[in-house]
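A quick write-up on the structure given underneath.
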Amino acid sequence: MKTLITNIKELLQVRHTSIDKLQGQEMKDLPSIKNAWLLLHDDLIEDFGTMDSLPFLEADSTIDATGKIILPSWVDSHTHLVYAGNREQEFVDRIHGLTYEEIANKGGGIVNSAQKLQATDEESLYQQTLTRLKEVMRLGTGAIEIKSGYGLTLDAELKMLRVIKRLKQDSPIHIKATFLGAHALPKAYKDRRVEYIDEIVNVMIPKIAEEQLADYVDAFCEKGYFTVEDSVRIMEAGKKYNLPAKIHVNQFNSIGGIKAGVENSALSVDHLEVMTPEDIEVLKGSDTMPVALPSCSLFLSIPYTPAREIIDAGLPLALATDYNPGSTPSGNMNLVVSLACIKMRMTPEEAINAATINAAYAMGISKTHGSITKGKKANLILTEPIPSYGFLPYSFGSNHIESVFLEGKPIN
Ligand SMILES: [Zn+2]
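Each residue of the sequence shown is one higher than the last, beginning at 12 in the working numbering.
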């Protein structure tokens, strides 16, 4: 099955040779071809070029993209898409002045989500998550990482990971699963945090690895949640089972999580709203991708990740949604790209690079996703007619996506 797309106003993020990530100054450059054609063969990108060099090609279907832009689909490398029910009451509580921590102390927050999830059967959890997954696919996301972490018991964590496995099998979107047992301390382990880590390291990770239910491990490394030492134990246990780490660090405090992540070869360190000069220094020369989650900052009214400091220090940066019921009930990568420009002073080029190729790196899939490169997955966004790609982040809150192609086929 071959699909030819012609008269593309601009084909974005064209990389003739595969790259795995971009850092510092490199992020300012977003290579493109104006007045382009693009040929898809089954699920892959076969070829592309300028219209004046279009050879005679036999295709099963041809799409005229006059006035429209094509870019690789978004990659969302950090989500908590599997959850049961919503938490809009807490949203209202926050409007009335309660803090994130006060809500958690009232029995809300992650522990509240865990209780709901434990009481929800697997089929219902699958259907709720599938609805969200279809929504983000329509919004242009073509690869997504999904974490567990609202189970907090072996059975409930396995239930979440089985839901993710089923979604992997059933959906055209590329999915990676991350085990986040250390998301919050379950009530049953009150004042026994180290014993809960023992359970994660000695029981949960071996079982999850045996059933091949996860690709990565994660921990919420933060004051009042899990310490750097807890997080290191989880990262070390993950390594034993070939499950690299992607960890939550520096959302509210800088306690050494980034250094621990780098030392343990974490694939990514995520959140980074609070960064010290030492945190930036330790990332230099590492293979760990910093990931910013600006829609979480928007929703919680907390600081934004200092993207300028990170990129101007020569580091890479990726963007993701953090889609979850408590702090970011949105999986809209278009909004994330806008917020990166509006609130983090990233240029449209930097933001698009951060949401495609660098985000693919943060999911371990930059060989197959995140750029227009021959042989990569044909996962694409076709926009409506728009004046330029800068119009996408500029016109925040509007959806200018006409269609999304995953594995070479338009989704409904
Ligand atoms: Zn998160």
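Every residue gets a Cβ at the ideal spot worked out from N, C-alpha and C, and that includes glycine.
By the Cβ rule, the segment 181-200 counts as touching the segment 413-422, because three or more pairs are nearer than 8 Å. Annotation for Asp-226: no alpha helix (DSSP H) segment contains it, and DSSP assigns it neither H nor E. Of all C-beta pairs linking the segment 380-394 to the segment 351-371, three or more are shorter than 8 Å, placing the two stretches in contact. Taken through DSSP and simplified to helix, strand or coil, Met-300 comes out as strand. Between the alpha carbons of Lys-218 and Lys-20 lies a distance of about 50 Å. It is roughly 9 Å from the alpha-carbon of Pro-83 to the alpha-carbon of Lys-388. In the DSSP assignment, Asp-75 is bridged to Thr-17. Contact annotation, Ala-324 with Lys-295: C-beta distance approximately 7 Å; criterion of less than 8 Å satisfied. Asp-87 sits buried, since 16 or more C-beta atoms from the chains shown fall within 10 Å of its C-beta. Distance between Glu-57 and Thr-110, taken at the CA atoms: about 51 Å.
For His-91, the Cβ falls inside the 7 Å cut-off from some heavy atom of ligand 1.
The residue among Pro-288, Phe-402 and Gly-96 with its C-alpha nearest the C-alpha of Asn-335 is Gly-96.
Under the three-state reduction of DSSP output, Ala-318 falls in the helix class. When beta bridges are read from the DSSP output, Leu-55 appears opposite His-52 and Lys-388.
Following the DSSP letters along the chain, one finds Leu-191 inside the beta strand (DSSP E) bounded by residues 185-193. Each of Leu-254, Met-12 and Lys-201 was checked against the Cα of Gln-223, and the nearest Cα belongs to Leu-254. Beta-bridge analysis with DSSP links Gly-342 to no other residue. Within 7 Å of the C-beta of Asp-333 there is at least one heavy atom belonging to ligand 1.
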